[in-house]
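Protein chains in written order, with the working numbering: chain A, 1 to 416; chain G, 417 to 832.
Ideal Cβ positions, reconstructed from N, Cα and C, are used throughout, including at glycine.
The structure presented is a predicted model; accordingly, all values stated were derived computationally and were not measured.
Number of protein chains: 2
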Amino acid sequence: MQTRESCLQADRCDSLARLKALFSLPPGVIYLDGNSLGAMPKSAHARGTQVIEQEWGTGLIRSWNTANWFDLPVRLGNKLGRLIGAGDDEVVVTDTTSLNLFKSLAASLRIQSQAQPGRRVIVSERDNFPTDLYMIQGMIDLLQQGYALRLIDEPTQLEPSLDDDVAVLLLSHVNYRTGHMHAMAEVTATARRRGILTIWDLAHSVGAVPVDLTGAQADFAVGCTYKYLNGGPGAPAFIWVAPQHRDRFWQPLSGWWGHSRPFDMAAEYQPAEGIRRYLCGTQPVVSMALVECGLDIALQADMNHVRAKSLALTDLFIDLVEARCAGHPLTLVTPRDHRVRGSHVSFSHPQGYAVMQALIARGVIGDYREPDVLRFGITPLYLGFADIWDAVEILKDILDAGSWDQPVFHQRTAVT
Amino acid sequence: MQTRESCLQADRCDSLARLKALFSLPPGVIYLDGNSLGAMPKSAHARGTQVIEQEWGTGLIRSWNTANWFDLPVRLGNKLGRLIGAGDDEVVVTDTTSLNLFKSLAASLRIQSQAQPGRRVIVSERDNFPTDLYMIQGMIDLLQQGYALRLIDEPTQLEPSLDDDVAVLLLSHVNYRTGHMHAMAEVTATARRRGILTIWDLAHSVGAVPVDLTGAQADFAVGCTYKYLNGGPGAPAFIWVAPQHRDRFWQPLSGWWGHSRPFDMAAEYQPAEGIRRYLCGTQPVVSMALVECGLDIALQADMNHVRAKSLALTDLFIDLVEARCAGHPLTLVTPRDHRVRGSHVSFSHPQGYAVMQALIARGVIGDYREPDVLRFGITPLYLGFADIWDAVEILKDILDAGSWDQPVFHQRTAVT
Numbered sequence: 001m002q003t004r005e006s007c008l009q010a011d012r013c014d015s016l017a018r019l020k021a022l023f024s025l026p027p028g029v030i031y032l033d034g035n036s037l038g039a040m041p042k043s044a045h046a047r048g049t050q051v052i053e054q055e056w057g058t059g060l061i062r063s064w065n066t067a068n069w070f071d072l073p074v075r076l077g078n079k080l081g082r083l084i085g086a087g088d089d090e091v092v093v094t095d096t097t098s099l100n101l102f103k104s105l106a107a108s109l110r111i112q113s114q115a116q117p118g119r120r121v122i123v124s125e126r127d128n129f130p131t132d133l134y135m136i137q138g139m140i141d142l143l144q145q146g147y148a149l150r151l152i153d154e155p156t157q158l159e160p161s162l163d164d165d166v167a168v169l170l171l172s173h174v175n176y177r178t179g180h181m182h183a184m185a186e187v188t189a190t191a192r193r194r195g196i197l198t199i200w201d202l203a204h205s206v207g208a209v210p211v212d213l214t215g216a217q218a219d220f221a222v223g224c225t226y227k228y229l230n231g232g233p234g235a236p237a238f239i240w241v242a243p244q245h246r247d248r249f250w251q252p253l254s255g256w257w258g259h260s261r262p263f264d265m266a267a268e269y270q271p272a273e274g275i276r277r278y279l280c281g282t283q284p285v286v287s288m289a290l291v292e293c294g295l296d297i298a299l300q301a302d303m304n305h306v307r308a309k310s311l312a313l314t315d316l317f318i319d320l321v322e323a324r325c326a327g328h329p330l331t332l333v334t335p336r337d338h339r340v341r342g343s344h345v346s347f348s349h350p351q352g353y354a355v356m357q358a359l360i361a362r363g364v365i366g367d368y369r370e371p372d373v374l375r376f377g378i379t380p381l382y383l384g385f386a387d388i389w390d391a392v393e394i395l396k397d398i399l400d401a402g403s404w405d406q407p408v409f410h411q412r413t414a415v416t
Numbered sequence: 417m418q419t420r421e422s423c424l425q426a427d428r429c430d431s432l433a434r435l436k437a438l439f440s441l442p443p444g445v446i447y448l449d450g451n452s453l454g455a456m457p458k459s460a461h462a463r464g465t466q467v468i469e470q471e472w473g474t475g476l477i478r479s480w481n482t483a484n485w486f487d488l489p490v491r492l493g494n495k496l497g498r499l500i501g502a503g504d505d506e507v508v509v510t511d512t513t514s515l516n517l518f519k520s521l522a523a524s525l526r527i528q529s530q531a532q533p534g535r536r537v538i539v540s541e542r543d544n545f546p547t548d549l550y551m552i553q554g555m556i557d558l559l560q561q562g563y564a565l566r567l568i569d570e571p572t573q574l575e576p577s578l579d580d581d582v583a584v585l586l587l588s589h590v591n592y593r594t595g596h597m598h599a600m601a602e603v604t605a606t607a608r609r610r611g612i613l614t615i616w617d618l619a620h621s622v623g624a625v626p627v628d629l630t631g632a633q634a635d636f637a638v639g640c641t642y643k644y645l646n647g648g649p650g651a652p653a654f655i656w657v658a659p660q661h662r663d664r665f666w667q668p669l670s671g672w673w674g675h676s677r678p679f680d681m682a683a684e685y686q687p688a689e690g691i692r693r694y695l696c697g698t699q700p701v702v703s704m705a706l707v708e709c710g711l712d713i714a715l716q717a718d719m720n721h722v723r724a725k726s727l728a729l730t731d732l733f734i735d736l737v738e739a740r741c742a743g744h745p746l747t748l749v750t751p752r753d754h755r756v757r758g759s760h761v762s763f764s765h766p767q768g769y770a771v772m773q774a775l776i777a778r779g780v781i782g783d784y785r786e787p788d789v790l791r792f793g794i795t796p797l798y799l800g801f802a803d804i805w806d807a808v809e810i811l812k813d814i815l816d817a818g819s820w821d822q823p824v825f826h827q828r829t830a831v832t
């Protein structure tokens with residue numbers, strides 16, 4: 001597709017194109033940051049009004065029953081589970097990705113301490129999203145039981161690192177910065193053969209690439225609903241626990257909502273059967289209710305179609321940038337190989353920060369990640385081929401004109 | 417006040433009465449459950465629309481800067497701090513009460529393990545809100561370091577229980593069931609003299625009774641924004657850390673938002689200076705934004721006026737129930753002594769559950785707590801004296817007619 005017309009033609013043939021109308025996107029914006037904060041489903045307006053005015057304002061405390069707030073985390077979890085190869089009662093929407101990592105790490109270390117107590121190493125990647133590493137560090141420091149974090153510097157070091165000292169492997173499926181995607185099934189199988197439990201962080205894959213946790217025989221997974229699932233800013237995260245582990249251990253953030261009979265008000269904690277034991281305290285109902293708007297759109301799309309479109313769009317973006325912006329110091333950071341590419345594309349540029357500010361000023365919203373990375377999230381649910389064309393043309397304009405070399409306001413960039 | 421007219425007269429003289437107009441209350445309802453889920457401020461409608469449609473829908477990722485989402489937890493924390501005797505940068509609004517208990521418990525145990533490593537007992541009350549006990553149990557089980565939970569059965573056992581084995585005392589300021597209020601300053605002073613750190617759960621006191629954490633020389637406090645602070649269903653909770661402890665320890669739920677330079681994406685956790693280190697993962701922005709609506713109303717009220725009105729209303733409620741419902745098997749559970757009474761009133765009744773269902777059916781919304789407790793939350797910001805009169809008359813009607821003795825729908829009662 002080397003013309004805008006050919007892009008428009010591809011949009012006309014795109015079976016997912018109709019979903020764009022379900023989102024509210026600001027005029028004049030090409031939004032390439034849906035991997036940081038997804039766009040707003042149009043249905044969020046009505047759902048927000050309903051939960052604030054009717055469920056809270058009018059229903060008040062009665063809404064725990066009449067609006068079924070009590071079942072919301074599991075009901076949404078069951079819906080979300082269909083996007084990641086999980087069965088019913090295996091996923092809850094709750095808390096934050098960081099906290100769900102803490103729960104799954106505690107559970108997996110406990111399982112290992114009983115099965116293979118000599119294993120005291122947790123493996124992850126130095127380039128993993130920092131909060132994942134911070135949560136491991138917090139756990140190690142809290143436990144004071146001789147656990148250690150082993151960080152690998154690139155994917156090729158992964159296999160050699162998985163020795164007999166390793167209890168848990170914690171990886172992001174798709175890397176937040178580079179867009180590199182691990183082969184989940186193969187990596188999990190290797191870990192499994194070596195007696196290692198695997199925790200997957202799906203923040204940058206759920207809703208954008210097919211995920212099959214059951215097929216991969218993974219152990220735990222966590223992820224985010226506000227990126228490709230379009231759940232709203234800071235919307236509650238999720239946790240998946242493989243059925244064979246789910247009822248073996250009660251995670252230590254054992255609040256009332258995970259209790260088997262929370263309304264008995266017993267002084268002793270007794271975990272609920274099933275995934276509800278991974279709940280802790282009272283959840284932010286308004287933010288959680290909005291998650292369903294995004295989930296309901298994602299469930300309309302066949303994830304294999306989403307993946308095919310994602311690869312086509314990211315291929316197009318890479319090709320166009322390399323063709324149209326040739327001569328500028330842009331270096332592709334994201335793998336070209338489809339098998340290891342997620343749904344965002346990153347290029348490094350020596351003035352990456354300033355270039356991104358200029359793009360944003362022109363309505364092309366991507367983001368910047370240290371040290372020099374321009375990151376472009378490609379969300380197949382609401383982006384088309386012509387959007388990609390237009391975005392690259394604006395990038396070309398900026399680079400050709402050197403217009404990024406202007407004073408720009410200081411933007412404190414945001415999460416993930 | 418033994419007539420409805422005298423109650424109306426009291427309402428006319430009430431300097432806080434004007435605040436009722438700032439809340440949206442459903443017609444035909446007398447809402448006596450604001451200690452479980454507070455009423456909706458009218459401003460929540462516009463704020464909800466703003467944060468969903470403008471900040472999320474239009475601002476998208478830019479709102480981290482333009483709508484200042486990044487500073488929201490501390491900004492709201494500073495506002496909330498004014499209600500509990502805290503200074504700036506001592507409170508953050510974040511996560512849930514349960515999780516904030518976990519953080520404060522981890523921090524206080526760490527401080528004690530360095531100062532007085534032999535102390536391995538955590539004291540609380542058997543009748544404390546269960547999630548507080550569950551979080552302690554989860555922590556003890558996680559650490560495997562010989563910690564033990566010691567539960568007292570009534571307040572008089574508190575002082576003798578505070579011996580040299582005790583590291584931490586964790587109490588609810590006002591008991592969720594009985595409405596009993598601890599003398600915070602005296603209890604904290606006793607604990608302090610004996611080398612014990614104190615964590616206060618303010619869920620049932622903040623916004624309803626004056627709290628002075630600094631004056632009491634307390635160590636940690638947590639609490640809830642969706643009860644007397646009217647922050648919305650499941651709205652994020654808060655944590656306060658005394659300045660002398662705040663920077664001594666990084667709590668173990670160490671996610672990106674508590675990092676000193678979160679956008680450097682460093683692999684090593686480095687806690688922020690100040691209270692921000694008590695943040696963990698990305699917060700539910702929509703639910704959090706709504707907290708400000710309730711806070712802004714609470715800050716219009718002098719807490720001493722709120723307290724005086726609360727005591728007058730709870731006195732009136734007790735007096736009227738005992739006078740108008742004499743002969744029915746109601747037993748006051750809440751202390752009569754003002755010094756140890758919070759802002760809700762509980763009566764036990766052998767058929768408590770059915771009586772409460774009949775009340776709710778007549779529009780008097782209180783709640784029921786095991787084993788036999790009718791609980792009535794008295795929220796001075798939106799209840800008047802005539803409301804109390806009318807509620808008691810309906811209770812009298814129901815008891816006199818025996819009309820509670822009907823089949824009622826099964827209500828799964830809700831949180832706290």
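Residue of the options minimising C-alpha distance to residue i
i         : options                                    : result
G:Ala-455 : G:Gly-650, G:Ile-810, G:Ala-817            : G:Gly-650
A:Ala-267 : A:Trp-256, A:Asp-201, A:Arg-276, A:Ile-275 : A:Trp-256
A:Gly-223 : A:Trp-240, A:Gln-54, A:Gln-357, A:Ala-106  : A:Trp-240
G:Leu-424 : G:Ile-810, G:Asp-813, G:Leu-799, G:Pro-751 : G:Leu-799
A:Val-197 : A:Gly-215, A:Ala-242, A:Ile-140, A:Ala-203 : First, the amino acid is wrong: residue 197 of chain A is Leu here, not Val. Of A:Gly-215, A:Ala-242, A:Ile-140, A:Ala-203, the residue nearest in Cα terms is A:Ala-242.
A:Gln-114 : A:Gly-352, A:Ile-398, A:His-245            : A:His-245
A:His-265 : G:Leu-438, G:Arg-785, G:Trp-805, G:Thr-419 : Residue identity check: residue 265 of chain A is Met in the sequence provided, not His. Comparing Cα-Cα distances from A:Met-265 to each of G:Leu-438, G:Arg-785, G:Trp-805, G:Thr-419, the minimum goes to G:Arg-785.
G:Gln-418 : G:Arg-478, G:Ser-764, G:Phe-733            : G:Phe-733
Length of the line joining the Cα atoms of residue i and residue j
i         : j         : result
A:Gly-138 : A:Cys-13  : 50 Å
A:Asp-400 : G:Gly-473 : 32 Å
G:Ala-483 : G:Val-702 : 12 Å
G:Pro-678 : G:Met-704 : 20 Å
G:Pro-823 : G:Ile-776 : Low confidence applies here, because G:Pro-823 scores a pLDDT of 48, under 50, leaving its location unreliable and the question unanswered by this model.
A:Gln-217 : A:Thr-188 : 7 Å
G:Gly-818 : G:His-744 : 10 Å
A:Arg-324 : A:Gly-281 : 52 Å
A:Thr-331 : A:His-349 : 7 Å
G:Glu-421 : G:Ala-802 : 8 Å
A:Ile-388 : G:Leu-669 : 39 Å
G:Gly-464 : A:Glu-53  : 10 Å
G:Ile-568 : G:Ser-524 : 20 Å
A:Ala-106 : A:Gln-251 : 6 Å
Residue i vs residue j beta-carbon contact at 8 Å
i         : j         : result
G:Val-490 : G:Phe-654 : no
A:Asp-212 : A:Ile-199 : no
A:Ile-394 : A:Val-364 : yes
A:Tyr-278 : A:Lys-103 : yes
G:Gly-648 : G:Ala-460 : yes
A:Leu-170 : A:Ser-205 : no
G:Ile-538 : G:Ala-607 : no
G:Gly-446 : G:Ala-807 : Contrary to the premise, residue 446 of chain G reads as Ile rather than Gly in this sequence. Taking 8 Å as the Cβ cut-off, G:Ile-446 and G:Ala-807 qualify as a contacting pair.
A:Ile-140 : A:Phe-249 : no
G:Ala-433 : G:Phe-545 : no
Hey, which unbroken runs of the beta strand (DSSP E) at 3 residues or more fall wholly within the region 635-661 of chain G?
-> Correct list: 636-639, 654-657.
Please list the segments of the alpha helix (DSSP H) lying wholly inside the region 326-371 of chain A, counting only runs of 4 or more residues, in order along the chain.
-> Assignment of alpha helix (DSSP H) within the region 326-371 of chain A, counting only whole runs of 4 or more residues, yields 352-361 in chain order.
Mind pulling the alpha helix (DSSP H) runs of 4 or more residues that sit fully within the region 182-209 of chain A?
-> If one requires a minimum length of 4 residues, the alpha helix (DSSP H) runs lying completely within the region 182-209 of chain A are 184-193, in chain order.
Those runs of the alpha helix (DSSP H) which lie wholly inside the region 1-50 of chain A and span at least 4 residues = Qualifying alpha helix (DSSP H) stretches, in chain order: 4-12, 43-49.
Taking one C-beta from the region 570-584 of chain G and one from the region 595-611 of chain G each time, how about it: are there three or more such pairs within less than 8 Å?
-> Under the Cβ criterion (8 Å, minimum of three pairs), the region 570-584 of chain G counts as touching the region 595-611 of chain G.
The region 722-730 of chain G touching the region 498-505 of chain G, judged by at least three CB pairs closer than 8 Å | Judged by Cβ distances under 8 Å, the region 722-730 of chain G makes no contact with the region 498-505 of chain G, as fewer than three pairs qualify.
Cβ contact (3+ pairs, closer than 8 Å) linking the region 94-102 of chain A and the region 127-136 of chain A = A contact between stretches requires three or more CB pairs, one per stretch, nearer than 8 Å, and the region 94-102 of chain A meets this requirement with the region 127-136 of chain A.
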